[in-house]
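In my numbering, the protein residues as written are 0 to 279.
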């Protein structure tokens, strides 16, 4: 997926620490926010059973090689209505600087994933790196089997009636059973040239990250476009070996840059809106 090459290959972030009291206050604020979310959204008997919900937030330390180079987060901000379907508002954001502040990076990605269809309705990419800035807003209309990039007016035919984008795919993978040794072939990327997306479940491994030590399932995603998950990227996702399947660790090899990794720092659980039960 091309977005992750942009996210990870050119960042050497300067990250400042927080005072202990500041961290404590931040945790209290996060807990209060999750509490508010839990009362804001009613259970929906039509919602698909998924291992995430409004209020979920995962934060990461980013490394290039062995160098601490920045931070990132993934969050379910809430639920919005997109073309009459309630949709999870997903966000991935990175901020920092390259070469001790010589290059500023501020990237923000959003996706709206239908709570019932588990397919993407909208994808926004807002990239700001050095002198390069690009804002793209993709609207997906499965009823017309079309997509449109509203800033340029570019249009195309959807590859599937249940499209997924770069960000929503990471959440969709968490809904799969992920049985060891299995390969899942998914023709779900919204552009035809990106399909099929192949998900190989490699095995299990114990991983230690700042958030703790986790039993994980190792997944290798391959997508037929340029980027971190291309066939030559050797990307691996480490997801918790439980019903939540949180992304704990991500590793990839990228030409010139070398090894790029994401390390989970914290988890704030979300509030499910479905009425089903996750797991067997």
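We treat Cβ as the ideally placed atom computed from N, Cα and C, and that holds for glycine.
Query                                                                                                                                                                                   : Result
Output the residue ranges of the beta strand (DSSP E) runs that lie fully inside the segment 192-243 and measure 3 residues or longer, sorted by chain position.                        : 196-208, 211-221 and 235-239
On the premise that residue 75 lies in contact with residue 87, defined as a C-beta separation below 8 Å, what is that separation, rounded to the nearest angstrom?                     : 5 Å
Provide the residue span of the alpha helix (DSSP H) that contains residue 170, from first to last.                                                                                     : 165-172
To which residues of the same chain is residue 119 closer than 6 Å at the C-beta, ignoring the five residues directly before and after it?                                              : 110, 112, 139, 162, 163, 164 and 167
From the DSSP secondary-structure annotation, give me the bridge partner or partners of residue 71.                                                                                     : 59 and 93
For the segment 238-247 against the segment 212-221, do three or more pairs of beta-carbon atoms, one drawn from each stretch, fall closer than 8 Å, so that the two count as touching? : yes
For residue 154, which beta-bridge partners are listed by DSSP?                                                                                                                         : 147
Among all the DSSP beta bridges, which residues are the ones paired with residue 137?                                                                                                   : 122 and 148
With distances taken Cα to Cα, identify the nearest neighbour of residue 79 among 200, 72 and 115.                                                                                      : 115
Taking contact to mean 3 or more Cβ pairs, one atom from each stretch, closer than 8 Å, check whether the segment 123-134 and the segment 188-196 are in contact.                       : no
At which residues does the beta strand (DSSP E) containing residue 183 begin and terminate?                                                                                             : 182-185
Does DSSP put residue 39 in a helix, a strand or coil?                                                                                                                                  : helix
Checking 7 Å against the spacing of the C-beta atoms, do residue 77 and residue 53 come in under that value?                                                                            : yes
With a CB to CB cut of under 8 Å and the five nearest residues on each side skipped, what residues in its chain are close to residue 154?                                               : 145, 146, 147 and 148
If you compare alpha carbons, which of 83, 170, 62 and 50 is closest to residue 263?                                                                                                    : 62
Quick one, which of 121, 84 and 266 has its alpha-carbon nearest residue 55's?                                                                                                          : 266
Given that a residue counts as buried once 16 or more other Cβ atoms are within 10 Å of its Cβ, and exposed if not, what is residue 39?                                                 : exposed
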